[in-house]
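Enquirer: Residues 324 to 833 (our numbering) are what the sequence shown spells out, left to right. Where is the CB? At the ideal position from N, CA and C, for every residue including glycine. Source: prediction; values computed, not measured.
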Amino acid sequence: MRVNEQWISTFRDEIASFSEKLNAFQAGEISRKDYKGMSGGMGSYAQRDASKHMLRLRMPGGLLTPERLHFLAGAVERWQVSLLKLTTCQTIQLHDLSAAQVPEIMEAAIDGHILTRGGGGDNPRNAMASPLSGVQQGEAFDVMPWAEAVTDYLLSICRDIRMPRKLKIAFSNGADDSVHSAFRDMGFQAQPDGTFSLRICGGLGSNHRMGVPVVESVAPEDVLYYVKGMVDLFCAHGNYQNRGKARTRYLQETLGDQLRETYLAAVAQAKEAGGLDLHLSPAPVTKQGSGTISHPRVTAQKQDGLYAVCYHPIGGCLPTGKPAVLDQLLREMPEAECRITPDESIYIINLTAEEAEKVLAATEDGAQTTFEYSVACIGASICQQGVRDSQSLLRAAVEAVRTAGLPDGALPKICVSGCPSSCSAHQAAAIGFQGCVRVVDRQPLPAFRMFLGGSDAVGQARFGEPLATVLERDIPALLVELGQAAAAQGWEAWSAEHGEDLRAIVAKYS
324 MRVNEQWIST FRDEIASFSE KLNAFQAGEI SRKDYKGMSG GMGSYAQRDA SKHMLRLRMP
384 GGLLTPERLH FLAGAVERWQ VSLLKLTTCQ TIQLHDLSAA QVPEIMEAAI DGHILTRGGG
444 GDNPRNAMAS PLSGVQQGEA FDVMPWAEAV TDYLLSICRD IRMPRKLKIA FSNGADDSVH
504 SAFRDMGFQA QPDGTFSLRI CGGLGSNHRM GVPVVESVAP EDVLYYVKGM VDLFCAHGNY
564 QNRGKARTRY LQETLGDQLR ETYLAAVAQA KEAGGLDLHL SPAPVTKQGS GTISHPRVTA
624 QKQDGLYAVC YHPIGGCLPT GKPAVLDQLL REMPEAECRI TPDESIYIIN LTAEEAEKVL
684 AATEDGAQTT FEYSVACIGA SICQQGVRDS QSLLRAAVEA VRTAGLPDGA LPKICVSGCP
744 SSCSAHQAAA IGFQGCVRVV DRQPLPAFRM FLGGSDAVGQ ARFGEPLATV LERDIPALLV
804 ELGQAAAAQG WEAWSAEHGE DLRAIVAKYS
């Protein structure tokens, strides 16, 4: 992210103003609802316990560069941060902060090349990119420079626009679509000919929708014009009266068959105004690889002899000491850097075989099986919007599966959202859960709505089918029984061939 001095000066002024509002909120002079509208644009929210706060560190494309990693390690130690959460939008959240710590960390983060501006609220959110972009075998091209350029552009205009709600933009490198370009507000997918295909007005949450294909070949130098066209379209036609329908996916209803035509007219107008041309050159990896290594958590890069190691802390909750460990380790590894993934993992890339061995040893506390790579939002114990404690459910499920001794592959990665906001992208998971309430004998009990059969594979994006509502206490046992049934064949083959058996097992619990 190329932060210029004007933005830094403006952001420092905004932090000072925000600090006054934060103090007023703590004194009870501003309501929780009104404060949320003020704090979101700065990347912070009050937690369920209003004396504690969250701060979201914006990482364009999930780029946890050495400078940002060093800042994070120092911040954890300096402010004694007790909870770090990797997010599905490729950011890092610092939780359980005091009111005094929030503006201090915002200010200090600037020197670590991090601006929290626009991390929440009705703003353009973190621009996402395929986490192995630039090093992944089979990719069309490196899309990371465009994610960074779009971030720069959006930060430059976010104070001058007023959108109905947030805007999420993703760039897929063509080999991986974990960023969900098929159903974002804007989803750019890299094509072999060097252009992008583009979908718009998709989204999760209530009334989730796939994006609408609008352009097959966006010239890479024109990307910012298409972004401006989307911002202008949203501001002109978005719903400012009903927040429940103030997302771009509802423009599919508002504009109907005229959506594509209206959007392209906005893009044409942006091009006519000019001034947004891009001429980006991805920086090549110059490091020379050496040695060979084979391990389930190691991926061979397209650069000969270089590797990426994947580390997934259970539930995306990053141990507070891990940033310091990685910071110290990567100082001795030229060009190595971290990439946050949309499934709450971290890739450490550009490693020789010998370096990969060292990183594997430093990250052996993470997930060991496909199921343990499961995703969960922070949950209702912390999030004021949450309905259910998704982290608690995932921990219980992991423990039950470990105790049952299920083999790797018996269960897929699951995604658990504590409420309809879909922060885990549960609709796109092979098995997804959404927090809710189920009434049994006239008593409301904690429960989750179960989705089955979603996918975010490139060219195969689909939403799962709502299958049943299951009591929270029964879900670990349900997963164990499903895993035992699928153990011999593996989940993918068994679930495809034994749909009736699968549904019969779920019916026992619903």
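Based on the DSSP secondary-structure assignment, which residues constitute the bridge partners of Glu788?
Expert: Leu775
Enquirer: DSSP on Lys736, reduced to helix/strand/coil?
Expert: Coil at Lys736, not helix or strand.
Enquirer: How far does the beta strand (DSSP E) with Ala623 in it reach, from first residue to last?
Expert: Val621 to Ala623
Enquirer: Roughly how many angstroms lie between the CA atoms of Leu395 and Trp817, to the nearest whole one?
Expert: The alpha-carbon separation between Leu395 and Trp817 amounts to approximately 43 Å.
Enquirer: Give every residue of the same chain whose Cβ lies closer than 8 Å to the Cβ of Arg718, excluding the five residues on either side of it in the sequence, and list them in chain order.
Expert: The beta carbon of Arg718 sits closer than 8 Å to those of Ile637 and Gly638, all from its chain and outside the five residues before and after it, given in chain order.
Enquirer: Look up Gly526 in the DSSP assignment and say whether it is helix, strand or coil.
Expert: strand
Enquirer: For Ile616, which of helix, strand or coil comes out of DSSP?
Expert: coil
Enquirer: Relative to the C-alpha of Gly732, which residue among Ala810, Gly741 and Asp712 is closest?
Expert: Ala810
Enquirer: Could you pull out every residue in the same chain whose Cβ sits closer than 6 Å to the Cβ of Arg488, ignoring the five residues on either side in sequence?
Expert: These residues qualify, in order along the chain: Asp445, Ala569 and Arg570.
Enquirer: Figure out for me which residue from Gly728, Leu683 and Val682 has the closest Cα to the Cα of Phe694.
Expert: Nearest of Gly728, Leu683 and Val682 to Phe694, Cα basis: Gly728.
Enquirer: On the three-state DSSP scale, how would you describe Arg335?
Expert: helix
Enquirer: Quick check: the segment 663-673 against the segment 399-413, are at least 3 beta-carbon pairs closer than 8 Å?
Expert: yes
Enquirer: Mapping DSSP to helix, strand and coil, what is Met377?
Expert: In this structure, Met377 counts as strand in the three-state DSSP scheme.
Enquirer: With three or more C-beta pairs closer than 8 Å as the rule, is the segment 527-538 touching the segment 450-460?
Expert: no
Enquirer: For the segment 684-755, list the alpha helix (DSSP H) runs that are entirely contained and at least 4 residues long, ordered along the chain.
Expert: 713-727
Enquirer: Please state whether DSSP places Cys412 in a helix, a strand or coil.
Expert: coil
Enquirer: At the level of alpha carbons, what is the spacing between Cys706 and Leu587?
Expert: 38 Å
Enquirer: Taking 8 Å as the threshold, find out whether the segment 572-587 comes into contact with the segment 434-445 through three or more Cβ pairs.
Expert: no
Enquirer: Considering just the uninterrupted stretch of the alpha helix (DSSP H) at Gln592, what are its terminal residues?
Expert: Leu582 to Ala596
Enquirer: Over the uninterrupted alpha helix (DSSP H) stretch that includes Arg401, give me the two end residues.
Expert: Pro389 to Trp402
Enquirer: Could you tell me the distance, in whole angstroms, from the CA atom of Glu343 to the CA atom of Ser374?
Expert: 16 Å
Enquirer: Please give me, in chain order, every unbroken run of the alpha helix (DSSP H) with length at least 4 that falls completely inside the segment 644-684.
Expert: 645-653
Enquirer: For Gly597, does the count of other Cβ atoms within 10 angstroms reach 16, so buried, or fall short, so exposed?
Expert: Here Gly597 is exposed: its Cβ has fewer than 16 other Cβ atoms, across all protein chains shown, within 10 Å.
Enquirer: Could you pull out every residue in the same chain whose Cβ sits closer than 8 Å to the Cβ of Ile828, ignoring the five residues on either side in sequence?
Expert: Same-chain partners within the cutoff: Leu801, Glu804, Leu805 and Ala808.
Enquirer: Please classify Val399 as buried or exposed, where buried requires at least 16 neighbouring CB atoms within 10 angstroms.
Expert: So Val399 counts as buried.
Enquirer: Could you work out which residue in Glu678, Tyr358, Tyr563 and Val590 is closest to Leu599 when comparing CA atoms only?
Expert: Val590
Enquirer: Residue ranges of each alpha helix (DSSP H) run of no fewer than 4 residues wholly in the segment 459-517, ordered along the chain?
Expert: 467-480
Enquirer: Which first and last residues belong to the alpha helix (DSSP H) in which Ala425 is found?
Expert: What sits at residue 425 in the sequence shown is Val, not Ala. Unbroken alpha helix (DSSP H) run through Val425: Gln424 to Ala432.
Enquirer: To which residues of the same chain is Gly461 closer than 6 Å at the C-beta, ignoring the five residues directly before and after it?
Expert: Ala498
Enquirer: Let's test the definition: count the other Cβ atoms within 10 Å of the Cβ of Leu380 and tell me whether it reaches 16, buried, or not, exposed.
Expert: Around the beta carbon of Leu380, 16 or more other beta carbons sit within 10 angstroms, so the residue counts as buried.
Enquirer: Quick check: the segment 423-438 against the segment 701-715, are there 3 or more CB pairs under 8 Å?
Expert: Taking one beta carbon from each stretch, the segment 423-438 and the segment 701-715 have fewer than 3 pairs nearer than 8 Å; the two do not touch.
Enquirer: Alpha carbon to alpha carbon, how far is Asp503 from Asp627?
Expert: Before going further, note that residue 503 is His rather than Asp in the sequence given. His503 and Asp627: Cα-Cα distance of roughly 28 Å.
Enquirer: How is Val541 classed by DSSP in three states: helix, strand or coil?
Expert: strand
Enquirer: Using CA atoms only, rank isn't needed, just tell me which of Ile672, Ala463 and Met773 is closest to Lys610.
Expert: Ile672
Enquirer: Check this for me: beta carbons of Gly517 and Phe464, under 8 Å apart or not?
Expert: yes
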